[in-house]
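Offset between the sequence shown (1-based) and our numbering: plus 125.
Beneath this line is the structure, given in structure tokens, with notes to follow.
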Amino acid sequence: MSEPTTAPAAEKTRALVLNSGSSSLKYQLFDMRTGERLAQGLVERIGEGPVADHAQALEIAAEELAAAGYGLDDPELAVIGHRAVHGGTRFTEPTLIDDEVVAEMAKLATLAPLHNPANITGIEVARALRPDLPQVAVFDTAFHATMPEAAARYAIDTATADRLGIRRYGFHGTSHAYVARATAELLGTPLAETNTVVLHLGNGASATAVRGGRSVDTSMGMTPLEGLAMGTRSGDVDPGVLLHLARTGGMSTDGIDELLNHRSGMLGLAGANDMREITRRAEAGDAAARLALDVYCLRVRKYVGAYMAVLGRVDAVAFTAGVGENSAAVRATSLAELPSLGIEVDPELNAVRSTAPRLISTAASRVKVAVVPTDEELEIARQAYSLARGPAPSPSDIR
Ligand code: AMP
């Protein structure tokens, strides 16, 4: 496993990204000179059958990588980047992993009980296999560490909030960072001078107000439950609803958690969490699906308006992730009839299907509307690589 001494350091141009969830392990290998994806794969159902645990999942990934011509012992591998969900207030930047970092991440598990333990397991098995290699954790919350205190604070008793770590951390940060930069490139304006409302609309969904490449407000909060309506999550509800569910509905804490995280959103309103099905049924006249779509788009619209007010001047609204990249209906409905805010979507451009970053606003639209496919793994690779090795050889090639 140790690298051959003949490999000069300058040749280490590859980065492996691991995204370790509770029952799955995703991996992608990049050439950092070009941003090219050399190999990728997904090991699923960890702990449910033949794949006993994360250690075995990583061994399978390593075998698949080796079959593609790149072992885990690849001498050109410079770094392993790990997706990490919750960095709390402790981790606000990509972080070189050591025992102390792993211990600190374990302490943060109370804030992300579903995600952080799985991330840590992935990190530990990767460190056991390649203890010689720099490994970097890239946190979903980190991009939002620049939010002003006024955006991060909930208006509740300060002592209680501080004791329990109750504040707005935000999520999807890696995606928002990537899309904000790619949008500035698309507009041809420097990132530092570009203000963007990024709409990450996937199975989970969040909006971020980005001023000059920095997050100044975001719709997810202490947990990924706040903000937009999502596939199975409610997003914003009156906190009094939770009290009512407990007092009058007799529901337990776990029952409320399950309802709001897993049985709400599009699933709760219309019985399906996939926006393709919701849109198809709405178009066929299904009233519940129509209402679900309207709730979804109205919530997006409200956050766009709010973040235009937060930013003062907005150059672009950028749609990304599964729904944002693919649903012309959601984009059109969310931004319909907003010329008073300087937003005009061009119906023909909006209808074009493409995987390239593109503008869908009219020439007259003061605020540009963009569709920018996200690439969280490449962003993790880039951040991990530059921490471990210094800036990538040709940063302008790596988007
Ligand atoms: P993500 O979490 O970014 O992978 O997004 C996944 C979600 O994107 C799926 O649950 C679908 O609801 C949605 N999606 C994917 N393709 C389409 C499409 N063509 N139209 C509408 N929604 C889509």
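Heads up, the beta-carbon is just placed ideally off N, CA and C, and yes, glycines get one too.
Proximity to the ligand AMP was defined by a C-beta distance below 5 Å to any of its heavy atoms, and the residues meeting it, in sequence along the chain, are Gly-327, Asn-328, Asp-399, Met-400, Arg-401, Ala-446, Gly-447, Val-448, Asn-451, Ser-452. Fully enclosed beta strand (DSSP E) runs of no fewer than 3 residues occupy 202–209 of the stretch 175–237, in order along the chain.
Within the same chain, Val-210, His-211, Thr-348 come within 8 Å of Ala-237 by CB-CB distance, once the 5 residues on both sides are set aside.
Here Leu-221 is exposed. Its C-beta has fewer than 16 other C-beta atoms within 10 Å. The residues Tyr-152, Ala-186, Glu-189, in chain order, have a CB closer than 7 Å to that of Gly-166 in the same chain once the five nearest residues on each side in sequence are set aside. By the Cβ-count criterion, Ala-409 is exposed, with fewer than 16 other Cβ atoms from all chains shown falling within 10 Å of its own Cβ. Boundaries cannot be given for Ser-359, as no beta strand (DSSP E) includes it and DSSP labels it neither H nor E. DSSP places Arg-424 within a helical segment (H, G or I) once states are collapsed to three. When C-beta atoms of the stretch 299–308 are compared with those of the stretch 317–325, three or more pairs fall below 8 Å, so the two segments count as touching. Remark: fewer than three beta-carbon pairs, one from each stretch, lie closer than 8 Å, so the stretch 429–436 and the stretch 395–407 are not flagged as touching. If you draw a straight line from the Cα of Arg-514 to the Cα of Thr-314, it comes to about 28 Å. For Leu-143, the uninterrupted beta strand (DSSP E) run begins and ends at 139–145, by DSSP. Leu-254 and Glu-225 have their C-alpha atoms some 19 Å from each other. The beta carbon of Ala-457 sits closer than 8 Å to the beta carbons of Val-470, Pro-472, Asn-475 from its chain, once the five residues preceding and following it are set aside; these are given in chain order.
Below 8 Å, too few C-beta pairs join the stretch 478–487 and the stretch 356–370 to call them touching: fewer than three.
Take the alpha-carbon of Glu-504 and the one of Val-494: they are about 22 Å apart. Contact check for Tyr-510 and Ala-140: beta-carbon distance about 5 Å, within the 8 Å limit, so the pair qualifies. Only residues of its own chain outside the window of five on either side were considered, and among them Ala-267 have a CB closer than 7 Å to the CB of Glu-218, listed in chain order. Distance from the Cα of Leu-233 is smallest, within the candidate group Gly-449, Gly-290, Thr-299, Ser-377, for Gly-290. In this structure, Thr-343 lies near Phe-296, with their beta-carbon atoms less than 9 Å apart.
Contact between Leu-350 and Ser-340 does not hold, since the beta-carbon distance rounds to 19 Å and is not under 8 Å. A Cβ-Cβ separation of about 4 Å places Ser-300 in contact with Thr-499 under the 8 Å criterion. Look at the beta carbons and you see the stretch 193–210 touching the stretch 161–177: at least three pairs across the two are nearer than 8 Å.
Shown here, Leu-503 sits in a helix according to DSSP, grouped into three states.
The residue from Gly-356, Leu-392, Leu-463, Arg-158 with its alpha-carbon nearest to that of Ala-203 is Arg-158. By a beta-carbon distance limit of 8 Å, His-207 contacts Asn-244. Their separation comes to about 6 Å. Residue environment: Asp-199 is assigned as buried (16 or more neighbouring CB atoms within 10 Å of its CB, all protein chains considered). Looking at the DSSP output, Ala-495 sits in a beta bridge with Ala-443, Leu-484.
With a beta-carbon spacing of about 14 Å, Val-168 and Ala-191 fall beyond the 8 Å limit used to define contacts.
Contact annotation, Glu-502 with Val-142: C-beta distance approximately 5 Å; criterion of less than 8 Å satisfied. Linking Val-492 to Arg-288 through their CA atoms gives a straight-line distance of about 42 Å. The beta carbons of Gly-329 and Met-355 sit closer together than 9 Å.
Our two residues, Val-435 and Pro-256, have alpha carbons roughly 45 Å apart in a direct line.
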